[in-house]
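The sequence shown begins at 248 in the numbering used here and counts up one residue at a time. Backbone N, C-alpha and C fix where the C-beta goes; we use that ideal spot for every residue, glycine too. What follows is a single structure, written as structure tokens, with notes after it.
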Amino acid sequence: MISLTLSAVLPQLRPPPCKGNQVCQEADAGQLAILYISLLLTAIGSGGIRPCVVAFGADQFDEMDPTQKNKTWIFFNWYYFCMGVSILIAVTVIVYIQDNIGWGWGLGIPTIAMFISIITFIIGYSLYRNLDPSGSPFTRLLQVIVAAFKKRKLPMVSDTSLLYENEELDASISATGNLFHTKQLT
248 MISLTLSAVL PQLRPPPCKG NQVCQEADAG QLAILYISLL LTAIGSGGIR PCVVAFGADQ
308 FDEMDPTQKN KTWIFFNWYY FCMGVSILIA VTVIVYIQDN IGWGWGLGIP TIAMFISIIT
368 FIIGYSLYRN LDPSGSPFTR LLQVIVAAFK KRKLPMVSDT SLLYENEELD ASISATGNLF
428 HTKQLT
């Protein structure tokens with residue numbers, strides 16, 4: 248966000264504005280490189296943080312505690328409400344600022360908001376519940392793919408108690424210690 252904001256603010260990082268009916272000057276290779284790298288970093292950052300925020304938020308509550316189970320729902324309701332409000336502000340207020348005040352302010356306000364959120368996260372880090380990751384998700388994914396391929400022609404059992412369960416392996420990836428069986432995708 249910082250590099251994107253700087254490319255909108257600093258005149259040497261963008262082509263000059265068009266005047267009247269003259270042909271607009273195109274951005275040079277360096278200006279385009281800064282723009283594309285800024286957009287790439289913004290996309291990677293945005294795509295990397297969204298799934299992590301949801302998982303990190305869910306880790307803050309103990310699903311075995313009935314009082315905290317309700318707080319999980321409250322957290323997610325507020326999370327998605329705030330995401331909706333932020334999108335509404337982004338497509339209305341921020342776009343208005345970009346069109347009427349300037350791109351520097353239109354990109355600077357979200358950059359400042361992101362900086363404040365990072366500082367807030369760092370200050371409150373000691374208050375968070377941090378769960379250590381257990382095992383590799385790629386190993387589990389590969390196990391499922393291999394097992395599904397090997398058993399693709401077997402008929403579905405009618406009694407779910409006959410299905411394979413491993414409480415030790417499943418404990419780290421499910422709240423109750425067991426994965427729920429489903430008849431979907433059969």
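Check your understanding: Excluding five sequence neighbours on each side, which residues of the same chain lie with their C-beta closer than 6 Å to the C-beta of C299?
Key -> What you label residue 299 is simply residue 52 of the sequence shown in a count that begins at 1. Around C299: no qualifying Cβ.
**Study point:** Cβ neighbour criterion (16 or more within 10 Å) applied to S285
**Key:** The count along the sequence shown starts at 1 and reaches residue 285 at position 38. Classification for S285: buried.
Exercise for review: Would you give the residue range spanned by the alpha helix (DSSP H) that V393 belongs to?
Suggested key: Taking the sequence shown and counting its residues from 1, one reaches residue 393 at position 146. Looking at the DSSP string, the run of the alpha helix (DSSP H) that includes V393 is 384-397.
Review point. Span of the alpha helix (DSSP H) holding M361?
Key: The count along the sequence shown starts at 1 and reaches residue 361 at position 114. Unbroken alpha helix (DSSP H) run through M361: 350-371.
Practice item. Reducing DSSP to helix, strand and coil, say where Q345 ends up. Key: Position 98 of the sequence shown, counted from the start, is the residue given in the question as residue 345. Helix.
Practice item. Might you give, ordered along the chain, the residues of its own chain that have their beta carbon closer than 7 Å to the beta carbon of A395, omitting 5 neighbours on each side? Key: Within the sequence shown, residue 395 is the residue found at index 148, counting from 1. Excluding positions up to five away in sequence, the list is empty.
**Study point:** Rounded C-alpha distance that separates I249 from V404
**Key:** The sequence position of residue 249 within the sequence shown is 2, counting from 1. The sequence position of residue 404 within the sequence shown is 157, counting from 1. Roughly 56 Å between the two C-alpha positions.
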